[in-house]
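Before any comments, here is the structure.
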Amino acid sequence: MNYKDFYTKSIHHPEEFWADQANAIEWYNKPETILSKDENGYPLWYKDGELNVCYLALDKHIQNGFGDQVALIYDSPVTQTVKKYTFSEVKIEVAKLAGGMQSLGLKKGDNAVIYMPMIPQAAFAMLACARIGVTHSVVFGGFAPHELAIRIDDCKPRVIITASSGIEIDRLIAYKPLVDEAIELASHRPKKVIVFNRKLGARVPFKKYDVDYDALVYGSEETACVPVNATHPLYILYTSGTTGKPKGVVRDTGGCAVALKFSMTHIYNVKQDEVFWAASDVGWVVGHSFIVYGPLINRNTTIIFEGKPIRTPDSSTFWRIIAEHKVNAMFTAPTAIRAIKKEDPNGDFIKQYDLSSLKTQFLAGERCDVATLEWYSAHIPVPAIDHWWQTESGWPMIANMMGVEQLPVKPGSVGKAVCGYDIKIFGEDGTELGPNEEGYVVLKLPLPPGTLLDLWNDNPRFKAGYLDKFPGYYFSGDGGFKDNEDYIFITGRVDDVINVAGHRLSTAEMEEIVASHSSVAECAVIGINDALKGQIPLALVVTKLNQNIEHFQLQQEVIKLVRQKIGAVASLRNVVLVERLPKTRSGKILRKLMRSIADGDDFQIPSTIDDENIVGEIDTVLKKYEIGIYNKKQE
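Structure, rendered in structure tokens:
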């Protein structure tokens, strides 16, 4: 198969192309209308098709004789537990849970919130909802009650499914009290709360609305899959919005199933029976697409990992799991690899494990700097593939399509456009830019199947945020450019481009250069206000373990590197050392938060932050180095 011809067909003959791909899954009623429009004129896929995603993920494989294949491996270094479930075992529990939910009054068209740690029951709950046509909204486990309450009020769930606790390296997080507080804060009142008790010692206060998970499952009969329309919402997933109010991205069922099957085979190149591991969380889009639905639809063994890349117990955890479970393809965020690199710069742990099963390493979630790619490739001789997508797309938009044709990797690029995505680079006025000209990354409508259907109960915001800026196109919110060979480079969110004395400079490009310094484990470059130049860059650097380089020496060497690569116009003067960078729980660096701290702007700490204490740490460091609002010269 040839990438160019395959991709071209998807763009010029989308209905024919996606009709072919729809044949890869099983339908109760196969769609005859492949592409149409909704009442607002937005593209719809497979509107007259009927299917059930839980059937595709479980029942179909059992009927085909694969019930004894391992479907799911739960590996929890924090509880020192490894447990394997076959397709038949998963199906029995899911079908009974679904039956129990029906006995509580849930039916097709209702909503449920799932608020769970990374345990098998989180996936079972998602599949049980899909089995009976209940739209689920997974909220990242451990979110504060206020954030959970906002989501409860927005999607109005009939039930909440939760667990007694999550567990971190050094502490238990009792979930049930958080859920109870969120219900008190919310205007909407769910009818029931289904509680899975992990029996780890967390406090589980009982309320009249509580239902015990185990009692519900074991006291219920298995229920059959309920056919749903292809446009029926499979799930609502909230992503952060610029206004502070989360956006409920709605994913349809039919397009999602087709897109995920397509992704597993044509992008990730994973064969049936193989082991696929996405080291993410079910609270994020990666967890929905590539921990639960994608691998199971493709009859792969998937791994639910409850732990961290380091300190559970050390930076060998990823390699242990790959070796022990014979992982064939893995997906993680670059920040995880950087964390491992910091703890084990020479890759000593890697040498202790047999990683021969691994064919490909995929990276996404944030930009992957060249230094991290090079470190990985130096220690593990498999392709390390950076790729790009969003919660809104639900599956990759730009990638090296390993199941079609493996193209040469260009460090710094996320590859070429994936089939179905007609990607352009626009200037501010909506004109298409030429090669190597940086602008807005936009996608011509229609987007392919599996992308967002709408925002839950907020179509005006959907149109304003994604469609109105460039009519006929989806606005990604990211900046980037294409080179002469149509490789695409994402330079970051458009507000990560800074204007230094009239020069538009990419902080992402500077990050690449800073990260290339031999003492740097991780870094972030942000633009902060400057009285003379409008904005100037600030580099925040985490050094590798056991590096004894002086701050002054590191600063001078980094400044010299940036001058060599970009020139004095970059105006990088400040390089500060920090113990860690503020991140979301999914590993994304919170650059906007750091800009607000440095500039003295009002800010709201994002609900997704990994640790709120780091806000004070960054403020203290900036004060120490007299950066931003603490700059005495500007005062």
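Note that this note's numbering has the sequence shown beginning at 1328, numbered continuously upward. All residues carry an ideal CB built from backbone N, CA and C; glycine is no exception. Since this is a predicted model, take the numbers as computed values, not measurements.
- Collapsing the DSSP output to three states places N1786 in a helix.
- The beta-bridge partner set that DSSP reports for R1820 consists of D1805.
- In the three-state DSSP reduction, A1791 falls in the helix class (H, G or I).
- The alpha helix (DSSP H) runs lying completely inside the region 1613-1650 and spanning 4 residues or more are 1621-1624, given in chain order.
- Between T1718 and T1566 the beta-carbon gap is near 4 angstroms, inside 8 angstroms, which marks them as a contact.
- For K1668, the number of other beta carbons within 10 angstroms of its own is at least 16, and it is reported as buried.
- Distances from the CA of A1895 to each of V1903, I1479, I1886 were compared; the closest alpha carbon is that of I1886.
- In the DSSP assignment, N1940 falls within the alpha helix (DSSP H) that extends over 1940-1952.
- Assignment of F1676 by DSSP, reduced to helix, strand and coil, places it in the coil class.
- V1602 is not a Cβ neighbour of I1459, given a cutoff of 9 angstroms.
- The criterion of a C-beta distance shorter than 9 angstroms is satisfied by G1914 and A1660.
- According to DSSP, residue pairing for L1770 in a beta bridge involves I1750, Y1801.
- With 16 or more other Cβ atoms inside 10 Å of its own Cβ, L1690 counts as buried.
- E1633 counts as buried, since at least 16 other C-beta atoms from the protein chains shown sit within 10 angstroms of its C-beta.
- If you draw a 10 Å sphere on the C-beta of L1872, you find fewer than 16 other C-beta atoms in it, and that means exposed.
- Counted as a single uninterrupted DSSP element, the alpha helix (DSSP H) harbouring I1477 occupies residues 1472-1482.
- Straight across, the Cα-Cα distance linking C1695 with E1812 is about 20 angstroms.
- By the neighbour-count criterion, in which 16 or more other beta carbons inside 10 Å mark a residue as buried, K1410 falls on the exposed side.
- Non-local beta-carbon contacts of L1917 in its own chain, meaning distances under 7 angstroms to residues more than five positions away in sequence, involve P1909, K1910, T1911, P1933, I1936 in chain order.
- The beta carbon of W1716 is closer than 7 angstroms to those of A1691, W1722, P1723, M1724 in its chain, skipping five residues each way along the sequence.
- Leaving aside the five residues that flank Q1874 on each side, the residues in its chain whose CB is nearer than 6 angstroms to its CB run, in chain order, S1846.
- Around the Cβ of Q1599, a 10 Å sphere holds fewer than 16 other Cβ atoms; the residue is exposed.
- Cα atoms of A1471 and N1763: separation of roughly 43 angstroms, rounded to the nearest angstrom.
- Under the three-state reduction of DSSP, G1777 is assigned to coil, being neither helix nor strand.
- Secondary structure note for H1388: its alpha helix (DSSP H) is the uninterrupted segment 1387-1390.
- Under DSSP, the beta-bridge partners assigned to N1556 are E1377.
- Going by DSSP, M1724 is part of no beta strand (DSSP E) at all; its letter is neither H nor E.
- One thing to note: A1457 has its Cβ within 9 angstroms of the Cβ of T1580.
- Going by DSSP, Y1502 is part of the alpha helix (DSSP H) stretching over 1502-1512.
- Restricted to the region 1508-1547, the beta strand (DSSP E) segments that are unbroken, complete and at least 3 residues in length are 1519-1523, 1537-1539, listed in chain order.
- Taking the C-beta atoms as reference points, W1604 is found nearer than 9 angstroms to V1654.
- Taken through DSSP and simplified to helix, strand or coil, V1885 comes out as helix.
- A contact between stretches requires three or more CB pairs, one per stretch, nearer than 8 angstroms, and the region 1578-1595 fails this requirement with the region 1787-1797.
- Under the DSSP assignment, R1922 falls in the alpha helix (DSSP H) whose first and last residues are 1918-1926.
- Burial is judged here by how many other beta carbons sit within 10 angstroms of a residue's own beta carbon; F1589 has at least 16 and is buried.
- DSSP places C1850 in the uninterrupted beta strand (DSSP E) bounded by 1847-1857.
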